Amino acid sequence: MGNLRALSCFILLILVVFTTARPKSGPDQKCKSGPVDLVFLIDSSRSVRPHEFETMRKFMIDILNTLDIGPDSTRVGVVQYSSQVRNEFSLKTHSKLENMVKAINEIVPLAQGTMTGLAIRYLMNEAFSPGQGDRPKVPNVAVIVTDGRPQDRVAEVATEAREKGIEIYAVGVARADMTSLRAMASPPFEDHVFLVERFDLIHQFGLQFQDKLCGIDLCSESEHGCEHLCESTPGSYICHCLPGYRLNADGKTCSAIDLCAEGKHDCQQICISSPGSFTCDCNRGHQLNDDEKTCSPIDLCAEGKHDCQQVCVYMGPGFFTCDCNEGYRLNEDEKSCAPIDLCTEGKHGCEQVCVYMGPGVFTCECNEGYRLNEDEKTCSPIDLCAEGKHDCEQVCVNMGPGIFTCDCNKGYRLNEDEKSCSAIDLCAEGKHDCEQICVSAPGVFTCDCNKGFKLNRDKRTCTNMDMCNTVKHGCEYQCVNTPGSYHCICPEGQLLQEDGKTCGTCKSSNIDLVLLIDGSKSVRPQNFELVKKFVNQVVDSLDVSARGTRVGLVQYSSRVRTEFPLSMYHTAEDIKAAVLKVDYMEKGTMTGLALKHMLENSFSEAEGARPASHNIPRVGLVFTDGRSQDDISEYAKKAKEAGITMYAVGVGKAVEDELREIASDPVEKHFYYTTDFSAINTIAENLKLNVCPAESQGEVEVKDPCACENLVEFQQATMNSLDQLTQKLASMAARLEQLENQLLSRK
Numbered sequence: 003m004g005n006l007r008a009l010s011c012f013i014l015l016i017l018v019v020f021t022t023a024r025p026k027s028g029p030d031q032k033c034k035s036g037p038v039d040l041v042f043l044i045d046s047s048r049s050v051r052p053h054e055f056e057t058m059r060k061f062m063i064d065i066l067n068t069l070d071i072g073p074d075s076t077r078v079g080v081v082q083y084s085s086q087v088r089n090e091f092s093l094k095t096h097s098k099l100e101n102m103v104k105a106i107n108e109i110v111p112l113a114q115g116t117m118t119g120l121a122i123r124y125l126m127n128e129a130f131s132p133g134q135g136d137r138p139k140v141p142n143v144a145v146i147v148t149d150g151r152p153q154d155r156v157a158e159v160a161t162e163a164r165e166k167g168i169e170i171y172a173v174g175v176a177r178a179d180m181t182s183l184r185a186m187a188s189p190p191f192e193d194h195v196f197l198v199e200r201f202d203l204i205h206q207f208g209l210q211f212q213d214k215l216c217g218i219d220l221c222s223e224s225e226h227g228c229e230h231l232c233e234s235t236p237g238s239y240i241c242h243c244l245p246g247y248r249l250n251a252d253g254k255t256c257s258a259i260d261l262c263a264e265g266k267h268d269c270q271q272i273c274i275s276s277p278g279s280f281t282c283d284c285n286r287g288h289q290l291n292d293d294e295k296t297c298s299p300i301d302l303c304a305e306g307k308h309d310c311q312q313v314c315v316y317m318g319p320g321f322f323t324c325d326c327n328e329g330y331r332l333n334e335d336e337k338s339c340a341p342i343d344l345c346t347e348g349k350h351g352c353e354q355v356c357v358y359m360g361p362g363v364f365t366c367e368c369n370e371g372y373r374l375n376e377d378e379k380t381c382s383p384i385d386l387c388a389e390g391k392h393d394c395e396q397v398c399v400n401m402g403p404g405i406f407t408c409d410c411n412k413g414y415r416l417n418e419d420e421k422s423c424s425a426i427d428l429c430a431e432g433k434h435d436c437e438q439i440c441v442s443a444p445g446v447f448t449c450d451c452n453k454g455f456k457l458n459r460d461k462r463t464c465t466n467m468d469m470c471n472t473v474k475h476g477c478e479y480q481c482v483n484t485p486g487s488y489h490c491i492c493p494e495g496q497l498l499q500e501d502g503k504t505c506g507t508c509k510s511s512n513i514d515l516v517l518l519i520d521g522s523k524s525v526r527p528q529n530f531e532l533v534k535k536f537v538n539q540v541v542d543s544l545d546v547s548a549r550g551t552r553v554g555l556v557q558y559s560s561r562v563r564t565e566f567p568l569s570m571y572h573t574a575e576d577i578k579a580a581v582l583k584v585d586y587m588e589k590g591t592m593t594g595l596a597l598k599h600m601l602e603n604s605f606s607e608a609e610g611a612r613p614a615s616h617n618i619p620r621v622g623l624v625f626t627d628g629r630s631q632d633d634i635s636e637y638a639k640k641a642k643e644a645g646i647t648m649y650a651v652g653v654g655k656a657v658e659d660e661l662r663e664i665a666s667d668p669v670e671k672h673f674y675y676t677t678d679f680s681a682i683n684t685i686a687e688n689l690k691l692n693v694c695p696a697e698s699q700g701e702v703e704v705k706d707p708c709a710c711e712n713l714v715e716f717q718q719a720t721m722n723s724l725d726q727l728t729q730k731l732a733s734m735a736a737r738l739e740q741l742e743n744q745l746l747s748r749k
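Sequential numbering of the sequence shown, starting at 3, is according to our numbering.
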């Protein structure tokens, strides 16, 4: 805890130095600090006037002049916000002061609303991310400068940001709301919340702390209020307590640590407390062991303070009773013992003979012609069959002690030597009623049929196999018999579908399709149901299967949620049922964050996308009804560079420029817009022409004919075709033979 508190104070020092120190003459006037990742979050809403924004711009540049800028020391990023968020430069963009100053001078204010909560979420998810230059184990510090009340909620997202380790300083100017500043800032508020009357006074709160932060020992030169110990830190101090005490919540006074009351001891019975320590004791009738923690009762038996002849039994502190060893019983004086003769007393359980072996001990024996069983009490006659002392080939029958006869297993008969056996072959002896084939086993038989026939229920007669005419095969075009089974075929130009029965023309439509649907509050619940119907219309136009088209669904608002990945469902029915169960998210419209999630997660092999080497087309479809609240340019471009064909579908207040930036070339083929949610079914019909290769110019899987797996696949397909032709020929031959037999029987 001491190390964490020291680190927190050090970070506080760094930021206050950032916001207070102004250079006097040259780099030697700077207050040096350890590595820090610092991001300015600047309010550029319409209430900030141009000359005020210039003052804010100069304020940032003045702070930068006091910092030790460099990739291994202090990194700085700048983000401005209004109704949307724009990253001016990230922590990794500039490593030199002059480049940062140039970039700040080029900032153009957004001049819209004041969505501070949205900006803090961007700060947490994007600005302080490894991809933007955030370093592990380096303090994250954010300075939020605002002049007004936020138009969205900040408390919840600010708490989440602080829990992730971001220290937030809130600087309010003129019209800023103090309650909102305290909701955003890190505690203690007196160190993290600043409010000045106007923009030209924004530097004063830093100047008044400059001297004391750069060299004054506050422990020796101020009334620090520490009850026990004070430790100075640059520009601040920390209170500590003496051993056995802990610092109270006020950060200054100390309380004695009562380990006994807090249960932080390992005494078995009694704990005696002192500040930060304890000793153990025992209850009456017990004594403390050498470990000074556990207790042992006073045992008169162990101390030899008894008059038992054989055994002393401890009954509690100061109490005992006498007992006897095995084979003895206690006499009436309850101290001495007498031997027990179990045989004489009849307490033995022997079936035939009991032999006395000593006090309380006996053994059992058997009469002649018997042996003792494993229970060592009962007896069994000597069985020559069980002992293997016979010469029977199969079965030995015990006839009494020392007597046996031979017999045979079922299906065998005893030979004349009355020892060996011979198998009974009912097939060879003609003792069966099989129509075609008799299969023999000793004493029994089963019937079988020739190839092309099947055994009837009577298990005796046979019937010619014709599965196509005897079962509901379900083949859409034609059924072909095979020995004991059948298969379906399709007319030339059509392919057998994965159900093995139906035929189709869109079999080669193999794509990985991810749909990003807008779940922001502007969509509204009734329209969101229309969006789900739109998704299911698109699914109806696809050949969905594990080896055909795979579909994944992602919903986004202020955050992104995968409803189901590409690997989850393999039938259109399962996908459509899952779509209807999707819950409406509401909140904002972070389309850029959704595109990033699609690129980095949805099209990964971990979520079901097939490897790029398989050349399966990847298609992304974005559905939105309004302007994005974050930047879409970067990930829209990256998605298309990654080979993903992007479709953009807009409804209502969707921004055409954003839709065109998302859509792949040619844009006219991949961009759709309608003013009314009720008209999106027309878009679904038009989309069908672009995703089904058999009906339009969509892409299909391109395979290398020389690849080993493709050669094997071609060979298997060829062998299957030959098998089908062979089976057709065999069926025709059998039919001709049947017709010839019918003609001969008529003659």
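Yeah, the Cβ is synthetic: ideal placement off N, Cα and C, and Gly gets one too. Note that this is a predicted model, so its numbers are computed, not measured.
Just to confirm the assignment, what range does the beta strand (DSSP E) spanning ILE63 have? Here ILE63 belongs to no beta strand (DSSP E); instead the alpha helix (DSSP H) covers 52 to 66.
Please check the pair CYS284 and GLN311, which I expect to be a contact at CB under 8 angstroms, by giving their CB distance rounded to whole angstroms. Contact doesn't hold; Cβ gap of about 32 angstroms is too wide.
Indicate the three-state DSSP secondary structure (helix, strand or coil) for ALA735 in the structure shown. helix
Under the rule that 16 or more other beta-carbon atoms within 10 Å means buried, what is ALA656, buried or exposed? buried
Out of curiosity, what's the CA-to-CA distance linking VAL173 and SER131? 24 angstroms
Among all the DSSP beta bridges, which residues are the ones paired with GLN289? SER298
Report, in whole angstroms, the separation of the C-beta atoms of GLY591 and GLN631, which I expect to be a contact under 8 angstroms. Note that residue 591 corresponds to Thr in the displayed sequence, not to Gly. The pair is a contact, with the Cβ atoms about 5 angstroms apart (cut-off 8 angstroms).
Exposure label - ILE405; buried when at least 16 CB within 10 Å: exposed
Taking one C-beta from the region 545 to 565 and one from the region 511 to 526 each time, how about it: are there three or more such pairs within less than 8 angstroms? yes
Less than 6 angstroms separating the Cβ of GLY404 from some heavy atom of the ligand COA? Inclusion of the ligand COA in the displayed structure is not the case, the ligand content being empty and no account of it being possible.
Assuming GLN134 and GLN114 form a contact by the criterion Cβ under 8 angstroms, report the distance between their Cβ atoms to the nearest whole angstrom. In fact, because the Cβ distance is near 23 angstroms, the residues do not count as touching under 8 angstroms.
Could you work out which residue in TYR247, ILE519 and LYS671 is closest to VAL581 when comparing CA atoms only? ILE519
Helix, strand or coil for LYS640, going by three-state DSSP, please let me know. helix
Just confirm the distance between the C-beta atoms of VAL355 and CYS368, as a whole number of angstroms; I'd bet it's less than 8 angstroms. 7 angstroms
Please work out which residues of its chain come closer than 8 angstroms, Cβ to Cβ, to ASP213, disregarding the five sequence neighbours upstream and downstream, and give them in chain order. Any reading at ASP213 needs caution, since the residue's pLDDT is 38, under 50, leaving its predicted position unreliable; the model's value is listed next. Cβ within range, chain order: n/a, list empty.
From THR484, CYS505 and GLU199, residue whose alpha carbon lies closest to that of CYS492: CYS505
Sequence-distant residues of the same chain with beta carbon closer than 6 angstroms to PHE530, five excluded per side: TYR586
For TYR247, which residues from the same chain have a beta carbon less than 8 angstroms from its beta carbon, with the 5 sequence-adjacent residues on both sides left out? HIS230, CYS256, SER257, ALA258, ILE259, PRO277 and GLY278
Evaluate the contact criterion for the region 617 to 632 versus the region 644 to 662: three or more CB pairs, one atom per stretch, below 8 angstroms. yes
Going by the DSSP bridge assignment, what does TYR358 pair with across the sheet? PHE364
Looking only at DSSP bridge pairs, what is GLY318 linked to? PHE321
Residues bridged to CYS241 [DSSP beta-bridge criterion]: CYS232
Close Cβ partners of HIS572 (< 6 angstroms) along its chain, the five nearest in sequence each way excluded: SER547 and ALA548
Identify which residue in LEU661, TYR372 and HIS672 has its Cα closest to the Cα of PRO403. TYR372
Applying the 10 Å Cβ sphere with the 16-neighbour rule, what's the burial state of PHE321? exposed
Pair every Cβ in the region 183 to 193 with every Cβ in the region 152 to 166, then say whether three or more of these pairs are closer than 8 angstroms. yes
Just to confirm before moving on: does the CB-CB distance between GLY652 and TYR637 stay below 7 angstroms? no
Could you tell me the distance, in whole angstroms, from the CA atom of LEU738 to the CA atom of LEU731? 11 angstroms
Cα separation between PRO341 and CYS408? 53 angstroms
Out of THR76, LEU40 and LEU99, which one is the CA nearest neighbour of SER129? Just to set this straight, residue 129 is Ala in the shown sequence, not Ser. Nearest of THR76, LEU40 and LEU99 to ALA129, Cα basis: LEU40.
What separation, rounded to the nearest whole angstrom, lies between the Cα atoms of GLY348 and GLU420? 49 angstroms
Through-space distance from VAL363 to ASN375, alpha-carbon basis: 19 angstroms
Please name the residue in ASP136, GLN528 and ASP542 whose C-alpha comes closest to that of GLU588. GLN528
Does the region 461 to 470 come into contact with the region 431 to 440, if we say contact requires no fewer than three beta-carbon pairs (one atom in each stretch) closer than 8 angstroms? yes
Give the straight-line distance between the Cα atoms of MET317 and THR323, rounded to the nearest whole angstrom. 7 angstroms
Quick check on ASP136: buried or exposed, where buried means 16 or more other Cβ atoms within 10 Å of its Cβ? buried
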